[in-house]
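**Q** Just so you know, the sequence shown maps onto residues 23 to 273 in the numbering used here.
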Amino acid sequence: MYIVNSYKVFFYVNYAEIESKYVGETPKNITAAFNKAKETDSVLFFDEADSILGKRLTNVTQSSDHGVNVSRSVMLLQLDKFDGVVIFATNLAKNYDGAFVRRILAHIEFELPDKECRIKLWKYLLPKEVPITEDVNLEWLANESEELAGGDILNVVISAASRAVMREGKAQKVSLSDLAEEIKFVREAKTKIGSPHYETNQKKHKIKETEMKRNDLSPELRDRDSGTEFYRYDKAISEIDKSEENLSEVD
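1. Flag residue 162 as yes if its beta-carbon sits less than 9 Å from any beta-carbon of chain D, otherwise no.
2. Taking residue 63 as part of the beta strand (DSSP E), name the residues at either end of that continuous run.
3. Using only alpha-carbon positions, find the residue among 195, 157 and 203 that is nearest to residue 177.
4. Do the region 147-163 and the region 114-125 make contact, defined as three or more Cβ pairs closer than 8 Å?
5. Using the C-alpha atoms, what's the distance from residue 51 back to residue 38?
6. Which two residues bound the contiguous alpha helix (DSSP H) that contains residue 104?
7. Going by DSSP in three states, residue 40 sits in which element: helix, strand or coil?
8. Whole angstroms are fine: how far does the CA of residue 185 sit from the CA of residue 116?
9. Mark residue 274 as exposed unless 16 or more other C-beta atoms lie within 10 angstroms of its C-beta, in which case mark it buried.
10. Give the DSSP-derived three-state secondary structure of residue 132 in the structure shown.
11. Kindly give me the distance between the Cβ atoms of residue 66 and residue 96, rounded to whole angstroms, as I take these residues to be in contact under 8 Å.
12. Please return the same chain residues whose Cβ sits closer than 7 Å to the Cβ of residue 30, not counting the five positions on each side in sequence.
13. Classify residue 148: buried if its beta carbon has 16 or more other beta carbons within 10 angstroms, exposed otherwise.
14. Spell out the partners DSSP gives residue 154 in its beta bridges.
15. List the endpoints of the continuous alpha helix (DSSP H) containing residue 126.
16. Between 107, 47 and 198, which has its C-alpha nearest residue 166's C-alpha?
17. Using three-state DSSP, classify residue 35 as helix, strand or coil.
18. Expressed to the nearest angstrom, what Euclidean distance is found between the alpha-carbon atoms of residue 181 and residue 70?
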């Protein structure tokens with residue numbers, strides 16, 4: 023009720039926008055976001071928050087690992103100092119560092135939509151501008167889309183509309199068959215992504231891709247990359263260590 027009745031500005035922050043490849047820049051961006059929210063008396067909203075609220079790394083072997091820990095420690099300090107409202111959104115709350123969990127006053131879980139809600143979602147997400155065939159039945163779609171989130175339903179609608187556009191003439195209407203096929207596709211994709219087999223293949227693919235990129239570089243580029251970049255990172259980290267040496271101890 024406080025947020026609804028206060029008419030505050032909603033300050034949206036996507037972690038991808040504040041993350042920087044340069045060591046030391048991400049903590050500065052986090053601090054800048056909090057400062058802006060404080061100046062404008064805004065509600066601060068972090069989307070995909072598991073990226074920044076994840077568990078701090080204990081086995082730090084690379085400069086990038088150290089940078090991750092510094093960023094998370096800066097976030098903890100900013101939360102302690104901030105008097106306003108901060109909202110974090112995530113699908114992976116179990117990955118949160120315990121120090122963040124203790125600082126969040128309310129944990130609100132949004133469950134998957136029930137049948138009644140799915141009917142409303144289908145009605146809302148099927149645009150009136152898009153022609154549909156007479157056999158499209160919202161109740162049938164709601165039954166078939168059980169366990170799907172609102173974002174999944176939106177993807178189904180977009181893909182089904184794209185499928186219809188590829189046809190010619192009167193066949194360009196979105197049909198129940200189009201929607202059913204896309205629901206099936208989304209279900210299969212979600213199952214594969216959540217399977218151990220998929221995760222194993224993803225890891226193998228990433229390793230192979232990294233090796234190929236490295237081998238494609240000429241010897242001079244490889245030397246220059248490992249020399250210049252690591253020197254810059256090490257120098258930045260040493261500066262961070264001097265000015266923020268106590269950040270890693272925040273709990």
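Quick reminder that beta carbons are idealized off the backbone N, C-alpha and C, glycines included.
Computed from a predicted structure; not experimentally measured.
**A** Considering the structure as presented:
1. This model lacks chain D altogether; it includes just one protein chain.
2. Counted as a single uninterrupted DSSP element, the stretch harbouring residue 63 is not any beta strand (DSSP E), since DSSP gives it neither H nor E.
3. The candidate whose alpha carbon is nearest that of residue 177 is 203.
4. Because the criterion of three Cβ pairs below 8 Å is not met, the region 147-163 and the region 114-125 do not touch.
5. Linking residue 38 to residue 51 through their CA atoms gives a straight-line distance of about 11 Å.
6. Per DSSP, residue 104 lies in no alpha helix (DSSP H) and is assigned neither H nor E.
7. When secondary structure is reduced to three states using DSSP, residue 40 falls in the helix class.
8. About 37 Å.
9. Since the first and last residues shown for the chain are 23 and 273, residue 274 lies out of range.
10. In this structure, residue 132 counts as coil in the three-state DSSP scheme.
11. No, residue 66 and residue 96 are not in contact; Cβ-Cβ is about 14 Å, not under 8 Å.
12. Within the same chain, 63, 64 and 65 come within 7 Å of residue 30 by CB-CB distance, once the 5 residues on both sides are set aside.
13. Taking all protein chains shown into account, residue 148 has 16 or more neighbouring C-beta atoms within 10 Å of its C-beta and is therefore buried.
14. Residue pairing for residue 154: DSSP places it in a beta bridge opposite 196.
15. It is not in any alpha helix (DSSP H) - residue 126 carries neither H nor E in the DSSP assignment.
16. Nearest C-alpha to residue 166: 198.
17. Strand, per DSSP.
18. Put simply, the backbone Cα of residue 181 is about 24 Å away from that of residue 70.
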